[in-house]
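Only one structure is covered here, and it is reproduced in the block below.
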Amino acid sequence: MSEFPLQGQALILTLAISALVWLGLQVLLFRSACDLCSVEPPGWLRAAVVVLIVSGFGFLLAAGMAFLIGLVGSSWGASKMVLMSMGALLSLPVQAVLAALLYKPLLHVALLKGMLIWALQRLLSVLLEAVFALVIVGGATLVEGIRRVL
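In this note's numbering, the protein residues as written are 179 to 328.
If you want it as C-alpha cells, here you go:
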C-alpha cells in the first residue's frame, strides 16, 4: 500500500476542487483590487478569464526566469534553489508590467493603474495565504496539544 493517501479519482477530484477554490478567491481578490483602485470591476466570468490569462503568463514568465537564472548561475557555484528563487523574485516587476499591459485593453485603464491593480491583488493574495497558513499551523498545534493532554 502506498504512503500517499490520495490516489486516482480522489486525487483528481481534490485537485479540481482546489483549482476552483483558488480561481474563485483570485477572482474575488482581483475584483476587490479593481474596487480599491476606483476601476469598475468586470463581471465574474470576465474577471475569471482575466485572472487565468494574467496568472498563466505570470507563471510562464516566473518559471522561465527562474530556470534561466538557475541555469546560468549554477556555473558560479551558487545554490540552485537560491538562484531559482532569485529568478522568480526578479520576475515580479516584469510580471507587473505584463499584467498592466494585459489590463490596459481588458479594463481600459492606464499602465500605472494596471500595475497598481496587480500589486494590490498580489498583496491581498499574500495576506490571505498568510492567514490560511496561520490557521493551519494553529489548528495543527491545537490538535497536537490535545493529543498530548489525552
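Every residue, glycine too, gets a C-beta built ideally from N, C-alpha and C.
The beta carbon of residue 264 lies closer than 7 Å to those of 247 in the same chain, with the five residues before and after it left out. When only Cα atoms are considered, residue 193 and residue 201 end up about 12 Å apart.
Nearest in C-alpha terms to residue 260, of all of 277, 244, 325, is 244. For residue 188, the uninterrupted alpha helix (DSSP H) run begins and ends at 187-214, by DSSP. For residue 311, the enclosing alpha helix (DSSP H) begins and ends at 289-327. The alpha-carbon of residue 187 is positioned some 43 Å away from that of residue 287. Per the coordinates, the alpha-carbon of residue 255 lies some 26 Å from the alpha-carbon of residue 237. From the listed residues 295, 219, 240, the smallest Cα separation to residue 267 is found for 240. Apart from the 5 residues on each side of it in sequence, residue 277 sits with its Cβ closer than 6 Å to the Cβ of 232, 296 in its chain, given in chain order.
The C-beta of residue 217 has 16 or more other C-beta atoms within 10 Å across all chains shown, which makes the residue buried. For the 8 Å CB-CB criterion, residue 299 and residue 207 form a contact. For residue 265, the enclosing alpha helix (DSSP H) covers residues 258-285. Classified as buried, residue 219 has 16 or more neighbouring CB atoms from the shown chains inside 10 Å of its CB. Taken through DSSP and simplified to helix, strand or coil, residue 250 comes out as helix. For residue 221, the three-state secondary structure derived from DSSP is coil.
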